[in-house]
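Residue numbers (my numbering): 50 to 412.
Heads up: the structure comes next, in structure tokens.
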């Protein structure tokens with residue numbers, strides 16, 4: 050069994066916003082907060098689509114400043130639009146739009162309610178993703194309730210088989226999948242100590258996958274999980290976050306550990322589970338930072354009789370860049386990433402710079 054690696058240097062542009070609504074979710078998808086907004090975030094979150102260019106225009110809700118606490122209008126509910134365009138070689142041009150709604154308690158931060166809805170369409174993949182989410186807080190109650198709903202044909206778009214030695218030389222149509230996923234995931238986040246929290250909740254997933262003739266899925270199967278497949282389960286995640294900023298951090302540590310368990314209910318014939326972990330750290334020179342070294346390691350494993358869509362997948366922006374989406378699949382996998390980022394210029398809408406990268410991984 051071999052391993053996969055990639056390296057390179059590219060230009061990048063980062064948004065000046067640090068609103069958590071604008072941040073792409075981590076590969077440990079259960080440790081996220083609310084789905085990222087804008088098509089660029091969609092390109093990052095489709096198990097790592099290789100977004101080469103993105104332009105997103107997002108009007109985010111701004112929290113009232115301390116100096117405005119005496120003005121009632123500053124605490125009124127805010128509704129703002131979200132829209133944008135991005136591009137990925139894996140799924141083509143991505144066009145999306147949405148809306149976010151923020152409501153505050155009586156002169157209280159953070160907001161008591163945040164609602165989010167977005168729809169996006171990818172041209173080459175001829176697929177869509179629709180997200181709706183809510184975040185609810187109550188005064189003097191530390192726990193936070195999250196509710197997430199997703200309908201998507203872009204969660205799993207390729208299948209090459211299992212292992213590191215699978216053939217990837219055939220036309221892309223041989224590996225393409227047609228799958229629709231529906232996910233419903235309410236959960237509760239409980240702060241344990243400052244910057245450390247525990248998240249618990251149920252998870253319902255329904256997938257419809259066509260094993261088309263001429264594809265790897267159709268010719269090497271049948272695979273458990275194809276056709277119409279529903280599952281219910283429970284999940285838990287422990288997350289530590291000491292980063293200075295949630296977007297483009299320059300210093301700090303982010304670590305998360307997540308697990309899921311699915312009983313033999315609905316279309317699941319035998320119980321199965323999964324565990325995943327990830328840690329990243331950021332080291333910078335200068336203030337404001339002129340250069341940042343970002344390091345990340347992660348891994349995941351599944352146990353039991355696992356449907357093929359719940360295998361561990363590597364390849365793409367969130368794991369091993371330079372490889373196609375879901376290029377490698379297996380019952381376990383690990384990856385590591387290193388980035389050195391340099392700021393080349395600062396603009397009113399964001400920073401422009403260069404970064405070099407080196408990635409490696411295996412299943």
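Every residue, glycine too, gets a C-beta built ideally from N, C-alpha and C.
Item                                                                                                                              : Value
Enclosing beta strand (DSSP E) for residue 379 [first to last residue]                                                            : 377 to 379
Cβ pair residue 219, residue 358 closer than 9 Å                                                                                  : no
Residue 334 versus 328, 327 and 342, residue with shortest Cα-Cα distance                                                         : 342
Proximity to residue 203 [Cα-Cα], best of 140, 252, 183 and 346                                                                   : 140
Helix, strand or coil at residue 122 [DSSP, three-state]                                                                          : helix
Neighbourhood of residue 330 by C-beta distance below 6 Å, restricted to the same chain and skipping five residues each side      : 302 and 344
From 173, 206, 235 and 143, residue whose alpha carbon lies closest to that of residue 199                                        : 235
Under 9 Å between C-beta atoms of residue 309 and residue 207                                                                     : no
Reference residue 214, options 389, 377, 384 and 392, closest by Cα                                                               : 377
Residues of its chain near residue 320, where Cβ-Cβ distance is below 6 Å and the 5 sequence neighbours each way are ignored      : 312, 313 and 353
Candidates 389, 217, 237 and 324: closest to residue 53 by CA position                                                            : 217
Buried/exposed call for residue 172, threshold 16 Cβ in 10 Å                                                                      : exposed
Helix, strand or coil at residue 222 according to DSSP, with G and I counted as helix                                             : helix
Residues near residue 299 by beta carbon distance below 7 Å, same chain, minus five either side                                   : 293, 331, 333, 338 and 341
Buried/exposed call for residue 143, threshold 16 Cβ in 10 Å                                                                      : buried
Of the residues 348, 277 and 130, the one placed nearest residue 315, counting alpha carbons only                                 : 277
Rounded C-alpha distance that separates residue 250 from residue 239                                                              : 11 Å
For residue 265, the first and last residue of its enclosing alpha helix (DSSP H)                                                 : 265 to 268
Inter-stretch contact at 8 Å, needing at least 3 Cβ pairs: the region 123 to 131 / the region 146 to 165                          : yes
Check whether residue 406 and residue 391 have beta carbons under 9 Å apart                                                       : no
Chain-order list of residues whose beta-carbon lies under 6 Å from that of residue 252 (same chain, five-residue window excluded) : 234, 282 and 284
DSSP beta-bridge partners of residue 251                                                                                          : 283
Closest residue to residue 159 among 180, 130, 191 and 211 (Cα-Cα distance)                                                       : 191
Best match in 295, 296, 224 and 280 for proximity to residue 270 [C-alpha to C-alpha]                                             : 224
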